[in-house]
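If you're matching positions, the sequence shown starts at 1 in my numbering and goes up one per residue.
Virtual Cβ for every residue (Gly too), placed ideally from N, Cα, C.
Structure first, then comments.
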Amino acid sequence: MALFIGATWDVNPLHTDDSFAAQSRFGRRIVPGLLTASLLTHIGGLWNFLATEMHFSFLGPVYVGDTVTAVATISEISDKGWVWLDCTITNTAEEIVLTARIKGFPGQFEE
């Protein structure tokens with residue numbers, strides 16, 4: 001998380017300051033939303049998928065120390081080869097904390 005915060009300059013005290021976060025509605029530090037969303041880029045790398053649009057809905061916090069799971073499902077393929085993915089990320093309690101709709105196209109695979 002520290003590397004992500006350093007790279008993005010997202011120094012929101014909800015991510016960096018235990019005392020501040022303890023006084024917030026979250027009660028403790030939370031992970032930056034875009035760090036959570038960036039887990040979906042791993043799926044894109046595995047599938048050789050190049051995204052052209054990404055739409056995120058942040059539905060709940062991810063706390064420092066949570067284990068999260070990302071799932072992407074191909075929901076649509078156009079005649080021109082565009083692919084749409086519907087994605088969810090769940091937390092340790094299996095609550096959905098993020099949904100996403102991603103448009104892109106698959107790259108070429110070597111055989």
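Within 8 angstroms, strictly: CB atoms of residue i and residue j
i   : j   : result
V68 : T36 : yes
I89 : V83 : no
L50 : T8  : no
L85 : A93 : no
Spatial neighbours of residue i in its chain, beta-carbon cut-off 7 angstroms, leaving aside the 5 residues before and after
i   : result
G81 : F105
A22 : R28
T41 : none
M54 : A100, I102
F56 : A37, L98, A100
Cutoff 6 angstroms; reference residue i; Cβ partners in own chain excluding five residues on either side
i   : result
D10 : P32
E76 : W84
Distance between beta carbons of residue j and residue i, contact taken as under 8 angstroms
i   : j   : result
L98 : L46 : In fact, because the Cβ distance is near 18 angstroms, the residues do not count as touching under 8 angstroms.
L39 : A70 : 5 angstroms
P13 : F4  : About 16 angstroms separates the two Cβ atoms, so there is no contact after all.
Residue i - partner residues in DSSP beta bridges
i   : result
L80 : It should be noted that the sequence gives Lys, not Leu, for residue 80. K80 is not bridged to any residue.
L40 : None; L40 has no bridge partner.
8 angstroms Cβ shell around residue i - same chain, five flanking residues per side excluded
i   : result
I30 : L14, H15, A21, P61, V62, Y63, V64
S24 : L14
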